[in-house]
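> Residue numbers (this note's numbering): 6 to 444.
Where is the CB? At the ideal position from N, CA and C, for every residue including glycine.
Because the structure is a prediction, the values reported are computed rather than measured.
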Amino acid sequence: MSHTNTSGLHRTADTYLIRNHLLTDVVPASDGPIFERAEGSVIWDTEGKAYLDFNSGQMCSALGHNNPRVARAIHHSSTTLTHASSVYYNVPQIKLAKMLAETLTAPLKRSMFIQSGADSNEAAVLFARRHTRCSGIAAFHLSFHGYTDVTRAISYCATGPGYGPTLPDLYAIPTPYAYRAANADAEPEWWRPLLTVGFELLDRQCPGNLAGVIVEPLVSAGGVIEMPPGYLAALQQEVHSRGALLIFDEAQTGLGKLGTMYAYQQEGVVPDIVTLSKHFGGGIALSVMITSDEIEEKALDGGLTFGHSHSSDPIACAAGLASLEEIIENDLPHTAQTIGRAWQARMRDLQTRCEMIGDIRGRGLLQGVELVRDPSTKEPAAEEAAQIFQICLKQGLLFSVRGPHKNVLRFVPPFTTTEAQLDQASEILANAIGKAFGN
Ligand SMILES: Cc1ncc(COP(=O)(O)O)c(C=O)c1O
């Protein structure tokens with residue numbers, strides 16, 4: 006295969022593109038690879054170099070890059086009905102809504118299809134406000150829900166100066182972060198005082214005006230933080246006792262990735278609203294907000310205007326249908342469990358040789374490794390994490406570095422990842438960790 010002139014492409018990109026640099030990312034686009042093609046868990050750059058994609062693109066290619074069933078569905082839809090009015094129904098949209106409802110727990114049933122994770126969370130906030138006729142929305146202090154104005158303002162792990170004023174009636178509650186809590190080993194319900202204080206603050210700041218609380222059932226960008234057992238059920242009680250709605254943002258945890266179809270199933274807590282995005286469209290932009298008959302009816306009462314030109318696009322819904330079929334027919338939640346267990350076993354083995362691996366967390370295809378300089382003080386090893394990222398990038402392993410201290414390595418390998426690829430990735434990682442910590 007002939008390869009494109011990479012330095013020329015970099016020059017063109019840096020001249021004509023907004024040089025997007027997520028502050029959380031270690032290597033800016035200008036210094037990174039330019040991707041050209043991909044298949045399964047591997048992506049190649051313009052120089053023909055292969056990378057194991059343990060970031061699943063931007064987590065949207067968790068089915069594996071270029072899933073054949075999704076590709077066929079896109080092709081078919083692109084020659085049948087690419088786009089249609091978002092006012093009227095279309096066939097793929099109806100089929101997708103029915104199939105999705107069959108995977109959900111009652112009373113979750115009604116879908117609204119949009120494009121991005123942020124859109125779906127905007128919709129969830131809007132529906133919670135319309136349903137309750139209140140306006141207060143709370144999220145974790147290490148939350149990430151998107152980069153539109155409302156979702157940026159409730160993405161407390163991504164706050165920074167210079168974005169202009171935030172929006173009114175948005176609040177933070179403490180994230181239960183066991184590894185960095187003083188008493189998590191000694192006290193099974195160590196998280197309860199945090200929950201109580203969070204709601205005491207909400208009751209002072211928005212008395213009688215709480216519309217909803219939005220959380221991820223496993224906090225991803227905030228540092229791959231698992232919810233302590235019992236926390237989400239207790240959260241739901243607090244939320245419902247105030248007449249508000251519980252919203253689960255399952256952008257990163259839903260559709261099989263954590264070993265069940267939805268993460269809420271593992272928690273025994275059915276939220277009032279759930280949002281899905283990321284690999285929902287099998288790589289095509291597609292998101293959804295799902296709720297019950299009752300909430301839908303009350304939210305629509307008196308009329309509601311919401312939607313985008315590309316809402317419910319048939320091509321995206323056809324891709325979503327194919328991705329859902331792929332997940333169900335191949336029992337991908339089970340695959341996620343197998344991959345997750347195999348990856349964690351490798352990480353635990355690595356931890357026996359490197360005590361700077363302070364904590365190993367996550368489930369299925371959402372895994373985190375928290376690095377510290379000293380396991381007793383837990384001083385975050387942010388510089389080392391950045392160095393490890395750079396070494397791995399050179400060696401052909403992609404992942405991301407997240408968390409409030411920028412010291413959590415986050416791995417999201419696609420469902421297509423093989424044992425041999427897990428071995429290869431963990432070897433690259435072990436070598437990089439050895440170099441960064443000098444052992
Ligand atoms: C949990 C969560 N919600 C929402 C979003 C925003 O999704 P999008 O980038 O598609 O707007 C993200 C993106 O990373 C996310 O991780």
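Alpha helix (DSSP H) containing R74: first to last residue?
On the sequence shown, residue 74 is found 69 positions in, with the first residue counted as 1. Start and end: 73-85.
> Taking E302 as the reference, give the member of L370, E127, H136 with the closest Cα.
To locate residue 302, count along the sequence shown from 1; it is residue 297. Nearest C-alpha to E302: H136.
> Can you tell me where the beta strand (DSSP E) holding V293 begins and where it ends?
Residue mapping note: residue 293 aligns to position 288 of the sequence shown, counting from 1. Segment 292-296, the beta strand (DSSP E) holding V293.
> Here's a check: name, in chain order, each residue in its chain whose Cβ is nearer than 6 angstroms to the Cβ of Y56, leaving out the five neighbours to either side.
Translated into the one-based positions of the sequence shown, residue 56 becomes position 51. These residues qualify, in order along the chain: I48, G401, L403.
> Where do the N-terminal and C-terminal ends of the beta strand (DSSP E) with M117 fall, by residue?
In the sequence shown, the residue the question calls residue 117 occupies position 112. Its beta strand (DSSP E) spans residues 115-119.
> Run through DSSP, which three-state label would A129 get?
As a first step, residue 129 must be located in the sequence shown, where it is residue number 124. Helix.
> Closer than 7 angstroms by C-beta to A129: which residues in its own chain qualify, once you throw out the five before and the five after it? Chain order, please.
On the sequence shown, position 124 is the one that residue 129 refers to. Excluding residues within five positions, the ones whose Cβ falls inside 7 angstroms are I219, I252, I278, T280, M294.
> Please report the distance separating the alpha-carbon of I446 from that of C211.
What is shown of the chain runs 6 to 444, which leaves residue 446 out entirely.
> Based on DSSP bridge pairs, tell me the residues matched to Q372.
Residue numbering aside, residue 372 sits at position 367 when the sequence shown is read from its first letter. Partner(s): G367, F416.
> Reducing DSSP to helix, strand and coil, say where G287 ends up.
Locating residue 287 in the sequence shown gives position 282, counting from the first residue. Residue state, collapsed to three classes: strand.
> Does the distance from the C-beta atom of H15 to that of G45 stay below 9 angstroms?
Here residue 15 corresponds to residue number 10 of the sequence shown, with the count starting at 1. Here residue 45 corresponds to residue number 40 of the sequence shown, with the count starting at 1. No, they are not a contact pair.
> Taking 8 angstroms as the cut-off, does the segment 377-388 touch the segment 348-358 (at least 3 CB pairs, one atom from each stretch)?
Cβ pair count under 8 angstroms is below three, so no.
> DSSP has A177 in a bridge; who is on the other side?
Residue numbering aside, residue 177 sits at position 172 when the sequence shown is read from its first letter. Beta-bridge pairing links A177 to A144.
> If we ignore side chains and look at the alpha-carbon of each, how far apart do Q392 and V229 end up?
Locating residue 392 in the sequence shown gives position 387, counting from the first residue. Locating residue 229 in the sequence shown gives position 224, counting from the first residue. Their Cα atoms are separated by approximately 20 angstroms.
> Taking the continuous beta strand (DSSP E) assigned at S405, which residues delimit it?
In the sequence shown, counting from the first residue as 1, residue 405 sits at position 400. S405 -> beta strand (DSSP E) spans 405-407.
> Inspect the beta-carbon positions of A133 and R197 and report whether they are closer than 9 angstroms.
To locate residue 133, count along the sequence shown from 1; it is residue 128. To locate residue 197, count along the sequence shown from 1; it is residue 192. Against a cut-off of 9 angstroms, the Cβ pair of R197 and A133 comes out as no contact.
> Which of the three DSSP states, helix, strand or coil, is assigned to L68?
Locating residue 68 in the sequence shown gives position 63, counting from the first residue. The answer is coil: DSSP assigns L68 none of H, G, I, E or B.
> With a 10 Å radius around its C-beta and 16 neighbouring C-beta atoms as the bar for buried, classify R77 as buried or exposed.
One-based indexing of the sequence shown puts residue 77 at position 72. Burial call: exposed.
> Confirm the yes/no value for this check: CB of D318, any heavy atom of ligand 1, distance under 8 angstroms.
Walking along the sequence shown from the start, residue 318 turns up at place 313. Flag unset: Cβ of D318 not near ligand 1.
> Residue ranges of each alpha helix (DSSP H) run of no fewer than 4 residues wholly in the segment 320-392, ordered along the chain?
Listed in chain order, they are 337-358.
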